[in-house]
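Note sheet for the following structure.
There are 2 protein chains.
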Amino acid sequence: VAELPSWNDGPAKTAVLEFLERVTTGGSAGFVPPPARVAVLDNDGTLWCERPTYVQAFFILDRLREQAAADPDLAADPVVEALLAGDLERAAADGQDALVEILLRTHEGLTTVEFTAAAARWLEEARHPRFGVPYTALTYRPMLELIDLLRLHEFRVFVVTGGGVEFVRAVSEELYGVASDDAVGSAVELSFERREGRVELVRQPRLLGSPNEGEPKVLAIQEHIGRRPIFAAGNSAGDREMLEYVTTGPLPSLGIVVDHDDAVREYAYESLSATDPDAEPILSSAARFAWTVVSMKRDWATVFGSGLDP
Amino acid sequence: VAELPSWNDGPAKTAVLEFLERVTTGGSAGFVPPPARVAVLDNDGTLWCERPTYVQAFFILDRLREQAAADPDLAADPVVEALLAGDLERAAADGQDALVEILLRTHEGLTTVEFTAAAARWLEEARHPRFGVPYTALTYRPMLELIDLLRLHEFRVFVVTGGGVEFVRAVSEELYGVASDDAVGSAVELSFERREGRVELVRQPRLLGSPNEGEPKVLAIQEHIGRRPIFAAGNSAGDREMLEYVTTGPLPSLGIVVDHDDAVREYAYESLSATDPDAEPILSSAARFAWTVVSMKRDWATVFGSGLDP
Numbered sequence: 005v006a007e008l009p010s011w012n013d014g015p016a017k018t019a020v021l022e023f024l025e026r027v028t029t030g031g032s033a034g035f036v037p038p039p040a041r042v043a044v045l046d047n048d049g050t051l052w053c054e055r056p057t058y059v060q061a062f063f064i065l066d067r068l069r070e071q072a073a074a075d076p077d078l079a080a081d082p083v084v085e086a087l088l089a090g091d092l093e094r095a096a097a098d099g100q101d102a103l104v105e106i107l108l109r110t111h112e113g114l115t116t117v118e119f120t121a122a123a124a125r126w127l128e129e130a131r132h133p134r135f136g137v138p139y140t141a142l143t144y145r146p147m148l149e150l151i152d153l154l155r156l157h158e159f160r161v162f163v164v165t166g167g168g169v170e171f172v173r174a175v176s177e178e179l180y181g182v183a184s185d186d187a188v189g190s191a192v193e194l195s196f197e198r199r200e201g202r203v204e205l206v207r208q209p210r211l212l213g214s215p216n217e218g219e220p221k222v223l224a225i226q227e228h229i230g231r232r233p234i235f236a237a238g239n240s241a242g243d244r245e246m247l248e249y250v251t252t253g254p255l256p257s258l259g260i261v262v263d264h265d266d267a268v269r270e271y272a273y274e275s276l277s278a279t280d281p282d283a284e285p286i287l288s289s290a291a292r293f294a295w296t297v298v299s300m301k302r303d304w305a306t307v308f309g310s311g312l313d314p
Numbered sequence: 005v006a007e008l009p010s011w012n013d014g015p016a017k018t019a020v021l022e023f024l025e026r027v028t029t030g031g032s033a034g035f036v037p038p039p040a041r042v043a044v045l046d047n048d049g050t051l052w053c054e055r056p057t058y059v060q061a062f063f064i065l066d067r068l069r070e071q072a073a074a075d076p077d078l079a080a081d082p083v084v085e086a087l088l089a090g091d092l093e094r095a096a097a098d099g100q101d102a103l104v105e106i107l108l109r110t111h112e113g114l115t116t117v118e119f120t121a122a123a124a125r126w127l128e129e130a131r132h133p134r135f136g137v138p139y140t141a142l143t144y145r146p147m148l149e150l151i152d153l154l155r156l157h158e159f160r161v162f163v164v165t166g167g168g169v170e171f172v173r174a175v176s177e178e179l180y181g182v183a184s185d186d187a188v189g190s191a192v193e194l195s196f197e198r199r200e201g202r203v204e205l206v207r208q209p210r211l212l213g214s215p216n217e218g219e220p221k222v223l224a225i226q227e228h229i230g231r232r233p234i235f236a237a238g239n240s241a242g243d244r245e246m247l248e249y250v251t252t253g254p255l256p257s258l259g260i261v262v263d264h265d266d267a268v269r270e271y272a273y274e275s276l277s278a279t280d281p282d283a284e285p286i287l288s289s290a291a292r293f294a295w296t297v298v299s300m301k302r303d304w305a306t307v308f309g310s311g312l313d314p
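As structure tokens, this is what we get:
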């Protein structure tokens, strides 16, 4: 079987294959026993498309549009007006906290189960504005192959995202074979409620702790996984600390950074941190730490699979 | 192979076996597919002995004793004096927060890796005051058999403890076959630090969020596991909400409560919530919700294995 068939030959593919051989060859100096083979992968922009904006943002905005159509007071709210007009700068004028609250109010009061169902329903119906396909068709095929190859080498694969953990869980099993307990992300406060004798967990319009970007991503990895991974993949400045943590441990490790340099097949952009616009560009971090940069244009024979290639 | 050989025949054993048969029999009304077969088990008093106090409390007090011996100022602190004299009431006189801070200061500044190593070392050396064996020998054999049987029926087993998650992780793999990412517990704040170019996570003397008892246990289950379990085991008033959550879901479920009624082979006591002394006694909750009560005295042929039976 060809390994990583959607990857072009080159330094990125070689780095991945050599790393996997190194840590799995019994008796070699670089051997890492299976329980320590933990891989953490960012989601948006690393496993699937995050342009023109995050998939979850489309989901929230569609819901907000529905709610505003039914509620003139909500529609008249200046933040809502700005959001629905696509003017993010104006929407954030009163600060990030006010914006986050507006966004989280769209699903306030839903139980966790209702929220997952709503996300799944939306993901079936919604279409990407440029590609015209469901967002779930916009995973990167080379990264899916990499996940398979990691598992073949007895890695446990976790998705560690800045996005909402419940939103990612709605798709992580289907898209990546990642069960709900192997997804780590930003969390919303839940309340414990008894409804007709049943305990239900109900979404509140507040984040629980920090957004899962930058240092919080590393703290969440420890809290959730409890050991230092040896493989990490990211694409934005918000992944820097995670990559740094993974690649400065005592065991052999590999960090890869997906570089969005392919405007023809996907998008060409620099991916900033969602929480710290001044964070070091991830390509600069990659150069400092000798992480492996994966150029979409050069290293991937296909991005989404041949059906969507131009 | 005999199932649950250390369990005496009786209603508790029957309830467990009937539940497992019901949810795993294909085509039956009660069938639950494997991904939904999630089990959550409390640790202290449910999987191992928690008397005369929590194992982790012995660990912390031993460290405090060492530190106080080397530091007269620390030894003169009234809370420390009270703790080392075994006077918990006096130690808590300034409130729980002050007490927790003193306790967490014992391992302040250690990296997560150093902490795990310290816990593992202590667990090898320390001996239980009554039984004279390592604390790790004081797991309940019937519960270990139950864990094996759950796994045989394709359950995924999580330990969900009020104790510190890093302390439990130091033993959960060895004692229960539960990997670090399948342990959920109270967490300590960590700081992200760069030491000689390496990222290290360093313990701070503060809890992260609430102690993992009562409602927080349920919220932690959702945050960590992301789905409602169908099997729960507990023993204290701090497990009530978890048992209630698990047994009021849409799928068939079983909740069991270990009743410490065996002063001869273990201890006889009522297990209170660590955070809410006024919480409903767990046996009253068990009666209200029809959970299965497991009497140590009546239902277990051995507690720790025959070597320790009187």
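Line by line, the protein sequences are chains A and B.
Numbering of the first sequence is given in the numbering used here, commencing with residue 5 and proceeding in unit increments.
Numbering of the second sequence is given in the numbering used here, commencing with residue 5 and proceeding in unit increments.
All residues carry an ideal CB built from backbone N, CA and C; glycine is no exception.
Q. How many angstroms separate the CA atom of B/Asp185 from the CA atom of B/Ala123?
A. As a position in the second sequence, residue 185 of chain B is number 181, starting the count at 1. As a position in the second sequence, residue 123 of chain B is number 119, starting the count at 1. When rounded, the distance between both Cα atoms is 18 Å.
(Q) Could you compute how far the alpha carbon of B/Ala95 sits from the alpha carbon of B/Leu78? (A) Within the second sequence, the letter at position 91 stands for residue 95 of chain B. Within the second sequence, the letter at position 74 stands for residue 78 of chain B. Distance between the alpha carbons of B/Ala95 and B/Leu78 is about 14 Å.
Q) How big is the Cα-Cα spacing for A/Glu219 and B/Glu70? A) Here the question's residue 219 of chain A lines up with position 215 in the first sequence. Here the question's residue 70 of chain B lines up with position 66 in the second sequence. Approximately 34 Å between the Cα atoms of the pair.
Q | Per DSSP, the bridge partner or partners of B/Ser310 | A | Locating residue 310 of chain B in the second sequence gives position 306, counting from the first residue. None; B/Ser310 has no bridge partner.
Q) For A/Phe135, does the three-state DSSP call read helix, strand or coil? A) Within the first sequence, residue 135 of chain A is the residue found at index 131, counting from 1. Three-state DSSP puts A/Phe135 in coil, outside helix and strand.
Q. Using the beta-carbon of each residue, which ones in chain A are nearer than 7 Å to B/Ser184?
A. Start at 1 with the first residue of the second sequence, and residue 184 of chain B comes out as number 180. Result: Ile229, Gly230 and Arg231.
Q) Taking any Cβ of chain B, which residues in the region 213 to 229 of chain A have a Cβ under 7 Å from it, in chain order? A) Glu219, Val222, Leu223, Gln226, Glu227, His228 and Ile229
Q | Residue environment, B/Asp48, which counts as buried when at least 16 other CB atoms sit within 10 Å | A | Against the second sequence, residue 48 of chain B aligns to sequence position 44. B/Asp48 comes out buried.
Q: State buried or exposed for B/Ala224, treating a residue as buried only when at least 16 other CB atoms are found within 10 Å of its CB.
A: Here residue 224 of chain B refers to the residue found at position 220 of the second sequence. Buried, because 16 or more other Cβ atoms sit within 10 Å of the Cβ of B/Ala224.
Q | Those runs of the alpha helix (DSSP H) which lie wholly inside the region 191 to 256 of chain B and span at least 4 residues | A | 219 to 228 and 244 to 251
Q. With distances taken between CB atoms, is the gap from A/Val172 to A/Thr115 smaller than 7 Å?
A. Residue numbering aside, residue 172 of chain A sits at position 168 when the first sequence is read from its first letter. Residue numbering aside, residue 115 of chain A sits at position 111 when the first sequence is read from its first letter. Going by beta carbons, A/Val172 and A/Thr115 fall outside the 7 Å limit.
Q: Taking A/Leu194 as the query, report the chain B residues whose CB atoms sit under 7 Å from its CB, ordered along the chain.
A: Counting from 1 along the first sequence, the entry for residue 194 of chain A is found at position 190. By Cβ distance, chain B contributes Leu223 and Gln226.
**Q.** Spatial neighbours of B/Arg210 in its chain, beta-carbon cut-off 6 Å, leaving aside the 5 residues before and after
**A.** Mapped onto the second sequence, residue 210 of chain B falls at position 206. Excluding residues within five positions, the ones whose Cβ falls inside 6 Å are Glu193.
Q. Would you say B/Pro28 and B/His111 are within 7 Å of each other, going by their C-beta atoms?
A. The residue given as residue 28 of chain B occupies position 24 in the second sequence. The residue given as residue 111 of chain B occupies position 107 in the second sequence. The amino acid occupying residue 28 of chain B in the given sequence is Thr; Pro does not appear at that position. Going by C-beta atoms, B/Thr28 is not nearer than 7 Å to B/His111.
Q. Whole alpha helix (DSSP H) runs in the region 81 to 119 of chain B with 4 or more residues, listed along the chain?
A. If we require 4 residues or more, the alpha helix (DSSP H) runs fully inside the region 81 to 119 of chain B come out as 82 to 88, 92 to 95 and 100 to 109.
Q: For A/Thr165, write down the residues that DSSP places opposite it in a beta bridge.
A: Walking along the first sequence from the start, residue 165 of chain A turns up at place 161. Answer by DSSP bridge pairing: none, since A/Thr165 is not bridged.
Q. Does any C-beta atom of chain A lie closer than 7 Å to the C-beta of B/Thr116?
A. For the purposes of this step, residue 116 of chain B is taken as residue 112 along the second sequence, with counting starting at 1. So, interface residue.
Q. Which of helix, strand or coil does DSSP assign to B/Arg55?
A. On the second sequence, residue 55 of chain B is found 51 positions in, with the first residue counted as 1. Note: B/Arg55 maps to coil in three-state DSSP.
Q | Assigned secondary structure, B/Thr140 (DSSP; H/G/I helix, E/B strand, else coil) | A | Here residue 140 of chain B refers to the residue found at position 136 of the second sequence. Three-state DSSP puts B/Thr140 in a helix.
Q. Which residues in chain B sit within 7 Å of A/Tyr249, going by Cβ to Cβ distance?
A. Looking up residue 249 of chain A in the first sequence gives position 245. Correct list: Val203.
Q) Is DSSP giving B/Trp304 helix, strand or coil here? A) Residue 304 of chain B sits at position 300 when you count from the first residue of the second sequence. Strand at B/Trp304.
Q. Which value, in whole angstroms, describes the spacing of the CA atoms of A/Glu105 and A/Val164?
A. Counting from one through the first sequence, the residue named residue 105 of chain A turns up at place 101. Counting from one through the first sequence, the residue named residue 164 of chain A turns up at place 160. Linking A/Glu105 to A/Val164 through their CA atoms gives a straight-line distance of about 23 Å.
Q.
Using the Cβ count rule (16 or more neighbours within 10 Å means buried), how would you classify B/Gln100?
A. For this step, residue 100 of chain B is matched to residue 96 along the second sequence. By the beta-carbon neighbour count (other beta carbons within 10 angstroms, threshold 16), B/Gln100 is exposed.
Q: With distances taken Cα to Cα, identify the nearest neighbour of A/Val203 among B/Met246, B/Ser195 and B/Gly136.
A: What you label residue 203 of chain A is simply residue 199 of the first sequence in a count that begins at 1. Comparing C-alpha distances from A/Val203 to each of B/Met246, B/Ser195 and B/Gly136 shows the shortest one belongs to B/Met246.
Q.
If the criterion is Cβ atoms closer than 7 Å, does the pair B/Val36 and B/Leu255 meet it?
A. Along the second sequence, one-based indexing puts residue 36 of chain B at 32. Along the second sequence, one-based indexing puts residue 255 of chain B at 251. Yes, these two residues count as a Cβ contact at 7 Å.
Q) Can you tell me where the beta strand (DSSP E) with A/Ser299 in it begins and where it stops? A) Taking the first residue of the first sequence as 1, we reach residue 299 of chain A at position 295. Thr296 to Ser299 is the extent of the beta strand (DSSP E) around A/Ser299.
**Q.** Exposure label - B/Gly230; buried when at least 16 CB within 10 Å
**A.** As a working note, residue 230 of chain B is residue 226 in the second sequence. Counting Cβ neighbours within 10 Å, B/Gly230 comes out buried, since at least 16 surround it.
(Q) Strictly below 9 Å CB to CB, what residues from chain B border A/Arg173? (A) Locating residue 173 of chain A in the first sequence gives position 169, counting from the first residue. Here the neighbours are Gly230 and Arg231.
Q) Could you give the residue range of the beta strand (DSSP E) that holds B/Ala43? A) The sequence position of residue 43 of chain B within the second sequence is 39, counting from 1. Taken as a continuous stretch (DSSP letters only), the beta strand (DSSP E) holding B/Ala43 covers Val42 to Leu45.
Q) Does the distance from the C-beta atom of B/Gly189 to that of B/Val175 stay below 7 Å? A) Translated into the one-based positions of the second sequence, residue 189 of chain B becomes position 185. Translated into the one-based positions of the second sequence, residue 175 of chain B becomes position 171. No. Outside cutoff.
Q. What do you get for A/Thr57, buried or exposed, if any count of 16 or more other CB atoms within 10 angstroms of its CB means buried?
A. As a working note, residue 57 of chain A is residue 53 in the first sequence. Counting C-beta atoms within 10 angstroms of its own C-beta, A/Thr57 has fewer than 16 neighbours from the protein chains shown and is therefore classed as exposed.
Q) Roughly how many angstroms lie between the CA atoms of B/Gly238 and B/Ala305, to the nearest whole one? A) Within the second sequence, numbered from 1, the residue matching residue 238 of chain B stands at position 234. Within the second sequence, numbered from 1, the residue matching residue 305 of chain B stands at position 301. Roughly 19 Å between the two C-alpha positions.
Q. Can you tell which of B/Glu270, B/Gln208 and B/Asp152 has its C-alpha closest to the C-alpha of B/Glu7?
A. Position 3 of the second sequence, counted from the first residue, corresponds to residue 7 of chain B. The option with the nearest alpha carbon to B/Glu7 is B/Asp152.
Q: Measure from the C-beta of A/Thr279 to each C-beta in chain B and report whether the shortest distance is under 7 Å.
A: Taking the first sequence and counting its residues from 1, one reaches residue 279 of chain A at position 275. Closer than 7 Å: no.
Q | Span separating the alpha-carbon of B/Pro285 from that of B/Ala241 | A | Along the second sequence, read from residue 1 onward, the residue named residue 285 of chain B stands at position 281. Along the second sequence, read from residue 1 onward, the residue named residue 241 of chain B stands at position 237. Our two residues, B/Pro285 and B/Ala241, have alpha carbons roughly 6 Å apart in a direct line.
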